Amino acid sequence: MDGGGPGAPPPRLRLASFNVNSVRQRAAHVRRFLERQRPDLLFLQETRCRAEEFPRLEFEALGYRVHAVGQPGGRNGVALLGRIPFEVVAEALPGEPEDGQARYLEVETEGGLRAGGVYLPNGNSGGAEGFAYKLRWMDRLIDLAEARLDAFLPFALLGDFNVCPTGEDLAPGALPPTDALVSPEVRARFRALLHLGLTDALRALHPHDRLYTYWDYGPAFEENRGLRIDHILLSPDLAERLSGCGVDIAPRVEPQPSDHAPVWCTLR
DNA sequence: ATGGCTTACCAAGTAAGA
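So for the first sequence, the UniProt record's numbering puts the first residue at 1; every next one is plus one.
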C-alpha cells in the first residue's frame, strides 16, 4: 500500500515548515506539533543556536532524525526534523562563499525527493546593504531552483521567505508600503520563482482565503492583523500530488508562542 | 510606520526580527 515495488505509487508525504523564533524556547511547541501532525519532514527556521546546542534528543525520542545548521551569535539558524531517512545535500545556498549566515539546508530523502529549507533575509535592517543582501539571496535562490527544475528533480522549497507575495497576503495597513516584505523588487523575485514552474501550494488550494502565517507579538493575533510570509513551493510533479495544505494556528495559540505558525502540505 | 514584544548576547543595554 505504501511504497515498495516497481510500479507502486509513491508514498504519501506530509511536509511542514515552522519559524520557531528560538528552538530552545520553543522545543515543547515543536514537540506537540510533531505529535499531532506527524510530518515526514519538518523544516525549522530561526533556531537561533549553534548546531551543537540544538535540543535534538527530545525530537529523536519521537522518532525523528535531526540535522541542524547554526551560526555563532544567536542569529538565524535552520534545521530539519525527518521521520524518513535523508541525506544532506547542502548546508548553505550557493553563490556567495563569504556568506556565513545559516539560512539554507537541502536534503534528498529516501524516496528521491529534494527539499530545501529556506530562511530568507528580512531586508529591513542593515540599511541599503541589508536590502541588497536580500535581493542577492533571492537571485541565488532563483538560480538554484532553476538548476533543480532543469534536472527534473521532484523539488520542494519550504520556509520563511519574508515576502508577502501580493496585497492579499497581509492585513490592510499591517506594513508600510516601503517595507522590505512587500517591496516591488522582492515581489518580482518571488514571482520569478513561480515562473520557473514552482507552485505556491497554499494559494493553489486556497486561492482567495485570508491566510496568514505570522502575527506580531501583542494584539495582532487576536485582531488577525497578520502576514503570509511562510511558503511551500512545489515542482510540477509534486504539485500534481498536492492533496492538502494549510496553516496550523494551534502553536500560535499556546502560551509563549513563536510569532509564526507552521505551514504544512500533504502529497498523495 | 513602529517596537508598544521577544530573543540572544551576557549581565546593561543593544540589535534584530517583520
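Every residue gets a Cβ at the ideal spot worked out from N, C-alpha and C, and that includes glycine.
Because the structure is a prediction, the values reported are computed rather than measured.
Per DSSP, which one or two residues make a beta bridge with residue i?
i      : result
Asp160 : Tyr119, Asp230
Ala79  : Leu44, Ala68
Thr266 : Arg14, Gly244
Leu181 : DSSP lists no partner for Leu181.
Arg114 : Glu108, Phe155
Val88  : Val107
Leu170 : Leu227
Asn124 : Answer is none; Asn124 lacks a bridge partner.
Asn19  : Gln45
Are there 16 or more other CB atoms within 10 angstroms of the CB of residue i, so buried, or fewer, so exposed?
i      : result
Tyr253 : A small fix is needed here, since residue 253 is Val in this sequence, not Tyr. It is exposed - the Cβ of Val253 has fewer than 16 other Cβ atoms within 10 Å.
Met1   : With a pLDDT of only 46 at Met1, under 50, the local geometry of the prediction cannot be trusted, and no value is derived from it.
Asp237 : exposed
Ala128 : exposed
Gly246 : buried
Gly123 : buried
Asn224 : exposed
Trp264 : buried
Pro39  : buried
Val23  : buried
Pro219 : exposed
Pro154 : buried
I'd like to check one pair, residue j with residue i: are the Cβ atoms closer than 7 Å?
i           : j      : result
Gly82       : Arg65  : yes
Gly244      : Thr266 : yes
residue 295 : Leu175 : Past the boundaries of the shown model lies residue 295; the chain is included only from 1 to 268, so the question cannot be answered.
Ala180      : Gly226 : no
Leu234      : Ala261 : no
Gly117      : Leu80  : yes
Leu196      : Ala239 : no
Glu58       : Asn21  : no
Ala115      : Leu41  : yes
Arg268      : Arg241 : yes
Phe131      : Pro165 : no
His29       : Pro251 : yes
Ile232      : Leu135 : no
Leu62       : Leu34  : yes
Rounding to the nearest angstrom, what Cα-Cα distance links residue i and residue j in this structure?
i           : j      : result
Arg48       : Gln25  : 10 Å
Gly70       : Leu141 : 19 Å
Arg103      : Asp160 : 10 Å
Gly3        : Leu193 : At Gly3, the pLDDT of 43 sits below 50, so the modelled position is not reliable and the matter cannot be decided from this model.
Ile229      : Asp259 : 12 Å
Asp216      : Tyr133 : 24 Å
Glu91       : Glu106 : 7 Å
Phe54       : Pro207 : 37 Å
Thr199      : Gln256 : 33 Å
Leu44       : Ser17  : 6 Å
Ala68       : Gly95  : 21 Å
Ala156      : Leu113 : 8 Å
residue 269 : Asp209 : The requested residue 269 is not part of the displayed model; the chain covers only 1 to 268.
Ala188      : Pro121 : 16 Å
Phe221      : Ala27  : 21 Å
Arg56       : Arg32  : 15 Å
Arg50       : Ile84  : 24 Å
Glu108      : Val88  : 7 Å
Arg75       : Phe152 : 34 Å
Glu98       : Asn19  : 25 Å
Phe86       : Gly111 : 9 Å
Glu52       : Pro72  : 11 Å
Leu15       : Arg36  : 14 Å
Leu205      : Asp248 : 15 Å
Gly167      : Gly100 : 33 Å
Tyr119      : Gly126 : 17 Å
Does the ligand NAP have even one heavy atom less than 6 Å from the beta-carbon of residue i?
i      : result
Arg187 : No copy of the ligand NAP occurs in the structure displayed, which carries no ligand at all.
Open item on the list: To test your reading of the DSSP string, which unbroken beta strand (DSSP E) runs of 3 or more residues are found completely within the region 23-68?
Closed with: 41-45
At what residue ranges does the region 196-252 contain a whole run of the alpha helix (DSSP H), taking only runs of 4 or more? 201-205, 236-240
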